[in-house]
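In our numbering, the protein residues as written are 1431 to 1898. Structure record follows, encoded as structure tokens.
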Amino acid sequence: MTPEEVAALMRPDFVFGVASAAAQIEGAADEDGRTPSTWDVFAAQPGTISDGSTPAVTTDAYHRFDDDLALMRDVGVDASRFSLSWSRLMPDGRGPVNPKGVAYYDRVIDGLLEAGIRPVVTLFHWDTPASLEERGGWLRRDTAYRFAEFASAAGHAFGDRVADWITLNEPTTVMLDGYALGVHAPGRAKLFGAIRAVRTILLAHGLAVDALRAVPVTGRIGITNVHTPVESASAAREDHDAADLFDFVHNRLFADPVLLGRDAELPRGAQGIDRLGLHILSRLGRDRAVISRPLDFYGLNYYFPTRIAAGADPEGRTPDGATEAMKDVPFRLERFPEHPVTGFDWPIDPCSLGVVIDRMVERYGDRLPRILITEGGASFPDEIAPDGTVDDSARVDYLARHVAIAAARPEVDGYFVWTFVDNWEWAAGFTQRFGMVHLDTETLVRTPKSSYHWFRAVQQARSREAPS
Ligand code: BGC
């Protein structure tokens, strides 16, 4: 697909943006009053990050924001989604706010606005202040109230300028990778015992929506979760039940209470493991109304489809690395031999993005607000050629085909590429590159890749077509 063909599918108001997260780009981990987050603590433990790196410097965006802004402006980015570091803005996870943290995000927001770029803020993209984690983190109800306090402070500081607010990024991943499997911070492997975190996280979302509306902020408010179409590895009943259980845990656990305002319906495959905690979710009680406040948009992150079979995986594979805990889970991830894969070994199947959207529309009907694809992208081992160029045509192909599917859907208002500059990829450290701009992790020099030029070509084609 040519850039012109992709551009032709985009409505004039379709938002074509880029996305990032504080812990993955900012660095300056102990500067200007910031305190450690769960990821600083997790990465300091040997064996947690595949290349032994830490979030101390990452892309150093804290000091290089102007350079990155110039690059964003150069390609005509419509919107930049970034997250606030809770421990930079509110060290220790509770008041008072840190003026230096406010000053940094003021500079980012004002810079974006001056460049004509829409600021989209995620309040929580996985970096819980370490002091809150020590007191129980998302397993403790009090954390939801601390989060609402943080949301309110952020709303008061930036609520006059932020276009879109995202309360939480991927609660599913926080619960699964962080608390059930332990491959992400805070590194707890509680398996189904992690379900207790779901209720706190759901409550935190609802309280944050209320806190932002109480300010009141001028922007729209939503939540982002990651969705994947789940299919059974065979027609066998046990594979179907396992796939349904995975679909429940991955796709419905958070979205059902948020969008439908009703308790989660336990899947058939949950029989026998209910004693492990799923029943907590069928009694949301007085929290239900707060959790299901109407939203202005639903942020959907999509990367790959999932195929599930019953029975544990002796290798304990997860999309984010193998782990002991996964060997105790009663289902396993199967491969997609028919699809090519990314550097992370994630299957590439653009049609699955359409399937995810169809399933959301079908399940949530008129309770589903406007959709923003708040993340999508692919990692590849990009290298700088002797002539200084970086050919990432596989990423161009991935993006063109996924963006085309999103843009053709009337329910979808935008697509945010994950990510702009190669970042610190959580437990994978610097081993997976997702950016449209190459990062030299030693010198921090940025080099545009071919996807960067492709993005600009799409935006230029759109402005040529725009009615003047
Ligand atoms: C997360 C990002 C992450 C990306 C690629 C998403 O699940 O929100 O922070 O870098 O996937 O792994």
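Glycine residues also receive a C-beta, built at the ideal position from the N, C-alpha and C atoms.
Residue i CB to nearest heavy atom of the ligand BGC below 7 angstroms
i, result
"residue 1528", "no"
"residue 1555", "yes"
"residue 1681", "no"
"residue 1655", "no"
"residue 1580", "no"
"residue 1673", "no"
"residue 1810", "no"
"residue 1516", "no"
"residue 1600", "yes"
"residue 1603", "yes"
"residue 1864", "yes"
"residue 1855", "yes"
"residue 1451", "yes"
"residue 1848", "yes"
"residue 1754", "no"
"residue 1456", "no"
"residue 1434", "no"
"residue 1792", "no"
Where residue i falls, given that 16 or more other Cβ within 10 Å makes a residue buried
i, result
"residue 1713", "exposed"
"residue 1805", "buried"
"residue 1476", "exposed"
"residue 1435", "exposed"
"residue 1600", "buried"
"residue 1531", "buried"
"residue 1456", "buried"
"residue 1508", "buried"
"residue 1698", "exposed"
"residue 1482", "exposed"
"residue 1474", "exposed"
"residue 1465", "buried"
"residue 1881", "buried"
"residue 1849", "buried"
"residue 1380", "Past the edges of the chain, shown from 1431 to 1898, lies residue 1380, and the structure says nothing about it."
"residue 1818", "exposed"
"residue 1795", "exposed"
"residue 1665", "exposed"
Among the options, nearest to residue i - alpha-carbon criterion
i, options, result
"residue 1616", "1478, 1811, 1722", "1478"
"residue 1873", "1494, 1848, 1440", "1494"
"residue 1669", "1682, 1436, 1741", "1741"
"residue 1836", "1771, 1785, 1716, 1815", "1785"
"residue 1824", "1838, 1839, 1807, 1452", "1807"
"residue 1758", "1768, 1612, 1721, 1626", "1612"
"residue 1512", "1795, 1506, 1549, 1829", "1549"
"residue 1514", "1432, 1496, 1498, 1533", "1533"
"residue 1840", "1433, 1437, 1431, 1444", "1444"
"residue 1552", "1728, 1684, 1573", "1728"
"residue 1542", "1797, 1496, 1842, 1647", "1496"
"residue 1793", "1461, 1480, 1690", "1690"
"residue 1893", "1654, 1506, 1582", "1506"
"residue 1896", "1433, 1432, 1516, 1437", "1437"
"residue 1791", "1644, 1866, 1730", "1730"
"residue 1510", "1624, 1545, 1614", "1545"
Cα-Cα separation between residue i and residue j, rounded to whole angstroms
i, j, result
"residue 1575", "residue 1635", "10 angstroms"
"residue 1863", "residue 1869", "9 angstroms"
"residue 1726", "residue 1622", "31 angstroms"
"residue 1578", "residue 1640", "8 angstroms"
"residue 1677", "residue 1803", "19 angstroms"
"residue 1632", "residue 1568", "10 angstroms"
"residue 1821", "residue 1773", "15 angstroms"
"residue 1858", "residue 1598", "22 angstroms"
"residue 1695", "residue 1656", "20 angstroms"
"residue 1594", "residue 1441", "19 angstroms"
"residue 1588", "residue 1637", "18 angstroms"
"residue 1630", "residue 1453", "22 angstroms"
"residue 1887", "residue 1831", "15 angstroms"
"residue 1775", "residue 1540", "38 angstroms"
"residue 1955", "residue 1799", "Because the chain spans 1431 through 1898 in this model, residue 1955 falls outside it and cannot be assessed."
"residue 1571", "residue 1626", "9 angstroms"
"residue 1585", "residue 1647", "6 angstroms"
"residue 1829", "residue 1891", "16 angstroms"
"residue 1649", "residue 1667", "46 angstroms"
"residue 1743", "residue 1860", "27 angstroms"
"residue 1672", "residue 1538", "45 angstroms"
"residue 1788", "residue 1547", "30 angstroms"
Short CB-CB distance (under 8 angstroms) between residue i and chain D
i, result
"residue 1698", "The structure shown contains no chain D, having only a single protein chain."
message = If contact is defined by three or more beta carbon pairs under 8 angstroms, each pair taking one atom from either stretch, is the region 1477-1492 in contact with the region 1834-1853?
response = Yes, since at least three Cβ pairs between the region 1834-1853 and the region 1477-1492 fall closer than 8 angstroms, the two stretches touch.
query = Per the contact definition of three or more C-beta pairs closer than 8 angstroms, is the region 1555-1572 in contact with the region 1513-1522?
reply = As far as the Cβ criterion goes, the region 1513-1522 touches the region 1555-1572, which means the pair count is three or higher.
request  = Tell me, please, whether the region 1605-1614 touches the region 1659-1671 by the rule of three or more beta-carbon pairs shorter than 8 angstroms.
outcome  = Taking 8 angstroms as the limit for Cβ pairs, the verdict is that the region 1659-1671 does not touch the region 1605-1614.
task = Could you say if the region 1734-1753 and the region 1761-1772 meet the contact criterion of at least three C-beta pairs nearer than 8 angstroms?
result = yes
inquiry  = Across the region 1495-1515 and the region 1448-1456, are there enough close Cβ pairs to call them in contact, namely three or more that are closer than 8 angstroms?
reply    = yes
task = Examine the Cβ distances between the region 1675-1693 and the region 1749-1756 and report whether three or more of them are shorter than 8 angstroms.
result = no
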